[in-house]
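First comes the structure, then the notes that go with it.
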Amino acid sequence: MPKVELSVSSQFCILLVVQVLVSVAIIGTITYMNQSRIIPGPIQPDNGKNSQPSIGNYQLLIQNADGRGSQAHGQDGKANPLGQNLKHFKDIVNSQIQKRPTRDDQTEATVKTDAPPRSNKFVILTSVNAEFVDIAENWLESLRRLGIRYNITMVAEDQDTFKYFSIRANREFRVLYQKQYAFNFTRRYGPVMMYQELIRRRTVYIRTLLEQGNDVLLVDVDTVWIKNPVDLILKEYALYDIWLAQGYENHIPCPCFMYMKSTSEVVAMVREWVKRLENQRGRSLESDQVALTKVLPLFPDIPIQKMSFEKFPTGKHYFDRAWLALHKQEVYVAHGNHLGRHDGKKKKLKEFGLWMLNY
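Under the numbering used here, think of the first position of the sequence shown as 15, with each following residue one higher.
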């Protein structure tokens, strides 16, 4: 075959094309890696404007998580549903949430424990089932109207709820589907115990995120944010490790709004909280609130801020017009507890002008 010789200009053009193709490949790889990484923490205000989120890869792993994994057994030799799934849930979070060391693993030269959390250091955690989808939407709308968006991890407790919310999932709004974390009493004891299962199960999610080095703000979806409650925490971040709303009486904690720093003492407390709930059997099961009341005194060295009752009232108080007339300007978060189930909550929220949806 005759030897083909390329001119200098042709050689230059070929070299230029090769360089462009290599550059495109490198840029594409970097872009993919950045989009795949999930960084927990609040994002910047968007002045009330929500951009259309893309469907992230986070829920893809959850969709494929079918509950396979090793069995964990209690002292009685029986399979412990909460224990056996803790490792599986932890593996899921490990693979998707970028780790950072806990404050106790870092030196004073690099971080101060009294420094407010940076933008990647805390996660708002909540859970919801199909019955409360519109209630959850109303809570999310209250955040949007305040012009704030924080990184939220929402645990969907059934497949329909997961499908509904996951189409909006992105790096700042993560949706988990955790059907496999069921307690044994779900089918035996009816809807009341199913609700308690949902609430009690959140302690496992809290533990996992704290162990990852994330501060966690646990919230109930049947709330409405009237003012930004995170501002209260940031102002006194150096003073406390836990911020906790109060129940009907001030000595009863309400984990409906609970901010936890990822310190060794707080992690140990949450582990004990999980353990207490995990080891219970039969019909007489403690709620997460009752268990927390008994666990907190075991850790007297944890500085706890009890949130002002006027700023975080129960539903029984906020939806009392006489009480509200005296304290309306002080309220940060209105909670729809003590109002019955879904219909009772929605009715009161509408009656008091806190229903922000058009359906």
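We put the beta carbon where it would ideally sit given N, CA and C, even for glycine.
Am I right that P327 and V345 are in contact with their C-beta atoms under 8 Å? What's the rounded C-beta distance?
For this step, residue 327 is matched to residue 313 along the sequence shown. For this step, residue 345 is matched to residue 331 along the sequence shown. Confirmed, about 6 Å.
Can you have a look at Y373 and say buried or exposed, based on whether 16 or more other CB atoms are within 10 angstroms of its CB?
By 1-based counting over the sequence shown, the position of residue 373 is 359. Within 10 angstroms of the beta-carbon of Y373 lie fewer than 16 other beta-carbons, which makes it exposed.
Taking the C-alpha atoms as reference points, what is the distance between E286 and A348?
What you label residue 286 is simply residue 272 of the sequence shown in a count that begins at 1. What you label residue 348 is simply residue 334 of the sequence shown in a count that begins at 1. In a straight line, the C-alpha of E286 is about 29 Å away from that of A348.
M321 by DSSP, collapsed to three states: which one?
Indexing the sequence shown from 1 puts residue 321 at position 307. The answer is coil: DSSP assigns M321 none of H, G, I, E or B.
When you compare only the Cα positions, how much space is there between Y219 and V281?
Within the sequence shown, residue 219 is the residue found at index 205, counting from 1. Within the sequence shown, residue 281 is the residue found at index 267, counting from 1. Roughly 12 Å separates the two Cα atoms.
Taking the alpha carbon of T175 as the point to measure from, which residue in R185, V142, F366 has its own alpha carbon closest?
Reading the sequence shown from its first residue, position 161 is the one you call residue 175. Scanning R185, V142, F366 for the CA closest to the CA of T175 turns up V142.
For I247, count neighbouring Cβ atoms within 10 angstroms of its own Cβ and tell me buried if that reaches 16, exposed if not.
One-based indexing of the sequence shown puts residue 247 at position 233. I247 should be labelled buried.
Output the boundary residues of the alpha helix (DSSP H) element that contains H356.
Start at 1 with the first residue of the sequence shown, and residue 356 comes out as number 342. From DSSP, the alpha helix (DSSP H) with H356 extends over 356 to 365.
Neighbourhood of G261 by C-beta distance below 6 Å, restricted to the same chain and skipping five residues each side:
Against the sequence shown, residue 261 aligns to sequence position 247. C268.
Check this for me: beta carbons of V4 and F179, under 9 Å apart or not?
An answer regarding residue 4 cannot be provided, because it is not within the stretch 15 to 373 covered by the chain.
Using a Cβ-Cβ cut-off of 6 Å (strictly less than) and excluding sequence neighbours within five positions of M272, which residues of its own chain qualify?
One-based indexing of the sequence shown puts residue 272 at position 258. Only residues of its own chain outside the window of five on either side were considered, and among them L232, L258 have a CB closer than 6 Å to the CB of M272, listed in chain order.
Could you pull out every residue in the same chain whose Cβ sits closer than 7 Å to the Cβ of M370, ignoring the five residues on either side in sequence?
For the purposes of this step, residue 370 is identified with residue 356 of the sequence shown, where counting begins at 1. By the criterion of a C-beta distance shorter than 7 Å, M370 is surrounded in its chain by N152, E155, S156, R159, once the five residues flanking it on both sides are discounted.
Distance, I316 Cα to E145 Cα
As a position in the sequence shown, residue 145 is number 131, starting the count at 1. As a position in the sequence shown, residue 316 is number 302, starting the count at 1. In this structure, the straight-line span from the alpha carbon of E145 to that of I316 is close to 36 Å.
Got a sec, what are the start and stop residues for the alpha helix (DSSP H) L248 sits in?
Translated into the one-based positions of the sequence shown, residue 248 becomes position 234. According to the DSSP assignment, L248 belongs to the alpha helix (DSSP H) that extends over 244 to 249.
According to DSSP, what are the bridge partners of M168?
In the sequence shown, the residue the question calls residue 168 occupies position 154. Residue pairing from DSSP places M168 in a beta bridge opposite T140, V189.
Straight-line CA distance for E171 to Q192?
To locate residue 171, count along the sequence shown from 1; it is residue 157. To locate residue 192, count along the sequence shown from 1; it is residue 178. Annotation: E171 to Q192 spans about 6 Å, alpha carbon to alpha carbon.
Applying the criterion that 16 or more other CB atoms from any shown protein chain within 10 Å of the CB defines a buried residue, is Q343 buried or exposed?
Residue mapping note: residue 343 aligns to position 329 of the sequence shown, counting from 1. Exposed.
Which residues in the same chain have their Cβ closer than 8 Å to the Cβ of W239, if we skip the five residues on either side of it in sequence?
Here residue 239 refers to the residue found at position 225 when the sequence shown is read from its first residue. Within the same chain, and ignoring the five residues on either side of W239 in sequence, the residues whose Cβ sits closer than 8 Å to its Cβ are W153, S156, L157, L160, Y346, V347.
Please classify K359 as buried or exposed, where buried requires at least 16 neighbouring CB atoms within 10 angstroms.
Here residue 359 is taken as the residue at index 345 of the sequence shown, counted from 1. When all chains shown are included, K359 counts as buried.
So for L231, helix, strand or coil by DSSP?
Within the sequence shown, the letter at position 217 stands for residue 231. If DSSP states are grouped into helix, strand and coil, L231 belongs with the strands.
Continuous alpha helix (DSSP H) stretch holding H331: start and end:
Taking the first residue of the sequence shown as position 1, residue 331 is located at position 317. For H331, the enclosing alpha helix (DSSP H) stretches over residues 329 to 332.
Can you name the start and end residues of the beta strand (DSSP E) that L306 belongs to?
Counting from one through the sequence shown, the residue named residue 306 turns up at place 292. No beta strand (DSSP E) contains L306, which is instead part of the alpha helix (DSSP H) from 302 to 309.
Could you give the distance in angstroms between the alpha-carbon of I318 and the alpha-carbon of Q33?
Here residue 318 refers to the residue found at position 304 when the sequence shown is read from its first residue. Here residue 33 refers to the residue found at position 19 when the sequence shown is read from its first residue. The alpha-carbon atoms of I318 and Q33 are separated by roughly 59 Å.
Buried or exposed for I266, going by 16 or more other Cβ atoms inside 10 Å?
In the sequence shown, counting from the first residue as 1, residue 266 sits at position 252. With fewer than 16 neighbouring CB atoms inside 10 Å of its own CB, I266 falls in the exposed class.
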